[in-house]
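J.:
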Amino acid sequence: MNITSIRADVAVIDELLREIAKRPVDVGDPNWVATMRQAPPPVEEAGVAVEAAAALEALLDAYETGGAAAREEVRAVFRDHPRFRWAVHLPAAWESEAEFRRRLVHVSAGSQGCDPRDELMSIWWLCNRARERGIDVEPVLRDVADLSSDVDIGGFGSMRMLIMRGLEIHDID
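At the far end of the sequence shown sits residue 173, using UniProt numbering, and the numbering has no gaps.
#1: Let me confirm a value: Ser148 is counted as buried when at least 16 other C-beta atoms fall within 10 Å, else exposed. Which label applies?
#2: Since I believe Asp9 is in contact with Glu51 (beta carbons under 8 Å), could you give me their beta-carbon distance rounded to a whole number of angstroms?
#3: Find the nearest neighbour of Thr4 within the set Arg75, Gly134, Arg37 and Val88, judged by alpha-carbon distance.
#4: Mapping DSSP to helix, strand and coil, what is Leu120?
#5: Which value, in whole angstroms, describes the spacing of the CA atoms of Tyr63 and Arg71?
#6: DSSP three-state call for Ser149: helix, strand or coil?
#7: Alpha carbon to alpha carbon, how far is Cys114 from Asp26?
#8: Are the beta-carbon atoms belonging to Pro82 and Ala21 less than 9 Å from one another?
#9: According to DSSP, is Pro24 helix, strand or coil?
#10: Using only the alpha-carbon positions, how far apart do Gly134 and Glu99 sit?
#11: Please confirm if the segment 120-135 is in contact with the segment 83-91, defined as three or more CB-CB distances below 8 Å between the two stretches.
#12: Grab the span of the alpha helix (DSSP H) containing Trp32 for me, first residue to last.
#13: What would DSSP say about Leu17, mapped onto helix, strand or coil?
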């Protein structure tokens, strides 16, 4: 798997998302949330949905199957391309343990994103949803934690520690 080639694709997608990501949101408008929900996803608006999905899948494959150096390189791609990280996601609907794991891998690869507190909320939400579907979250969390960085980026703990906090039970909607 050639992460350099994937990085080049991600850089183009990231640039095409630039203006959409910079667009101001008028939170003073009482309908701003509804307006945002009705808008097409940024990758569709930019015309790169297929390419973005393929790049994301390739990055996550490299993260899961590569060694420590490949995982660090994937984390760097997400870190260096914040608009890609913001706009490109796995499909919202999921049911299986494999799909739950893939979403945790995505969170792990993002290496705390813009705010580790948001990542922790995502982890808790994913774990709650998995539990509702009868998935035993602990082995999946441990497996993904083993792939995760042990570097504490912003004083909130490492990604490995945040992933393992998925064992906590929280009421997140």
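Beta carbons are placed, not taken as given, at the ideal position from N, Cα and C, and that holds for glycine.
T.: Let's see:
#1: Per the 10 Å Cβ criterion, buried.
#2: About 7 Å separates the two Cβ atoms, so the contact holds.
#3: Ranked by how close their Cα comes to the Cα of Thr4, the residues Arg75, Gly134, Arg37 and Val88 have Arg75 in first place.
#4: Of the three classes helix, strand and coil, the one that applies to Leu120 here is helix, per DSSP.
#5: Whole-angstrom Cα-Cα distance: 5 Å.
#6: In the structure shown, the three-state DSSP call for Ser149 is coil.
#7: Near 21 Å, if we compare the C-alpha coordinates of Asp26 and Cys114.
#8: Yes, Cβ-Cβ distance for Pro82 and Ala21 is below 9 Å.
#9: Residue state, collapsed to three classes: coil.
#10: Going by the C-alpha atoms only, they are around 13 Å apart.
#11: No: the two stretches stay apart, fewer than three of their Cβ pairs being nearer than 8 Å.
#12: That run of the alpha helix (DSSP H) goes Trp32 to Gln38.
#13: Three-state result, Leu17: coil.
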